[in-house]
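Residues in the sequence shown are numbered from 1 upward in steps of one, following the UniProt record's numbering. Structure first, then comments.
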Amino acid sequence: MRILMFGPNHETKGGIATVIANFKDHFHSDAHTMFHLESWKEGSLWKRTFHSARGLFLLPFQIKKNCIDMVHIHMAQDGSYFRKAIATRLAKWSGVGVLLHIHGSHFDQYHQESAPWLQRNLIQTLRKADRIIVLNEDVTTYFAKFGIPMEIIQNAVPIPETQTSPAERTQISSFGQLGERKGTYDILAIAPALYAKHPEVTIHLYGDGDIKQAQEIIRAKQLKNIRIGGWITATEKEKAMQQTMIHLLPSYQEGLPMSILETMAHGIPNISTYVGGIPDIIEPGKDGFLIHPGDHELLLAALSTLIEQDA
1 MRILMFGPNH ETKGGIATVI ANFKDHFHSD AHTMFHLESW KEGSLWKRTF HSARGLFLLP
61 FQIKKNCIDM VHIHMAQDGS YFRKAIATRL AKWSGVGVLL HIHGSHFDQY HQESAPWLQR
121 NLIQTLRKAD RIIVLNEDVT TYFAKFGIPM EIIQNAVPIP ETQTSPAERT QISSFGQLGE
181 RKGTYDILAI APALYAKHPE VTIHLYGDGD IKQAQEIIRA KQLKNIRIGG WITATEKEKA
241 MQQTMIHLLP SYQEGLPMSI LETMAHGIPN ISTYVGGIPD IIEPGKDGFL IHPGDHELLL
301 AALSTLIEQD A
């Protein structure tokens, strides 16, 4: 089978790009040949628009040129949905199968809160797909009432060949876009109390997003135990994970975060929340702890417990 993946540039920031990079680096099969056509690339508005239009324009030609049997479309909400809705129709018009791979953190909510015309369009798009993959049961349950079957397949990550010893892991890390959705402001809120109990521990925030806002809070509250690492490359992330003793991601909305899967592969305990597909992979007390979003008291307690276990 010859498969064409349609999704963002694999060096783009975000979980979908990480999934695509893992496919490109680790998927090997004598029975399958995989191609990748970029649907989006970071840059200026003009550059993003150009790459989006280019990808859609080239899609039918790439299908014909490479004798494609199936297009694997990586979809999320908002702008990603509109690009992939067009791609879905182009692929079906080209006479090939369509596998929709939905990554959005709140794709069900996106449909529910959209205008009626967009709700209808989204359902029509999903019904054109031959198969649909999602990351958690919330999405399958929601769309089941529209008669749309979906399958849950969790993302895969490579297992590192070597791991550092617990004694070499000296920091708490949070990998993900800084902002309210990922719980960044909850981390900043409990930082003073954590410093009072464990002044030797620092929390490193890695990702793009609300960096300026986070820096302003750090300065205003004079937080001594927070470091902002910003967006880092795959090589830098691997180095940071080797130094991480706890991964912290108190999110309010998620599908299935790649950062949790990657840190689990490194043997790092996670503190996260009961949202999306996270409860499907983290067993509280074994793989870390789960709390409800916004529960500062339990967030601090879980952190203290894991820090003291590592001490």
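Ideal Cβ placement from N, Cα and C applies to all residues, glycine included. Note that the structure is predicted; figures quoted are calculated from it, not measured.
| Item | Value |
| --- | --- |
| Three-state secondary structure assigned by DSSP to Glu168 | helix |
| As assigned by DSSP and simplified to three states, the class of Gly15 | helix |
| Thr162, buried or exposed, once every other Cβ within 10 Å from all chains shown has been counted against 16 | exposed |
| Same chain only: Cβ atoms within 8 Å of Pro279, ignoring 5 sequence neighbours per side | Leu290 |
| Thr202 in three-state terms, based on DSSP | coil |
| Runs of alpha helix (DSSP H) wholly within the region 115-183 (minimum 4 residues, chain order) | 116-128, 137-144 |
| Cβ distance (whole Å) where Gly183 is taken to contact Pro250 below 8 Å | 3 Å |
| Under the three-state DSSP convention, the category Phe289 falls into | strand |
| For Leu303 and Ile226, the rounded distance between their alpha carbons | 14 Å |
| Which listed residue (Glu168, Ala189, Lys224) has its alpha carbon closest to that of Thr244 | Glu168 |
| Secondary structure of His101, DSSP reduced to three states | strand |
| Supposed close pair Pro257, Gly176 - CB separation, criterion 8 Å | 7 Å |
| Contact set for Arg181: own chain, Cβ-Cβ below 6 Å, skip 5 residues either direction | Tyr252, Gln253 |
| Beta-carbon proximity check, Met5 vs Asp69, cutoff 9 Å | no |
| Segments assigned beta strand (DSSP E), at least 3 residues, entirely inside the region 182-252 | 203-206, 226-230, 244-248 |
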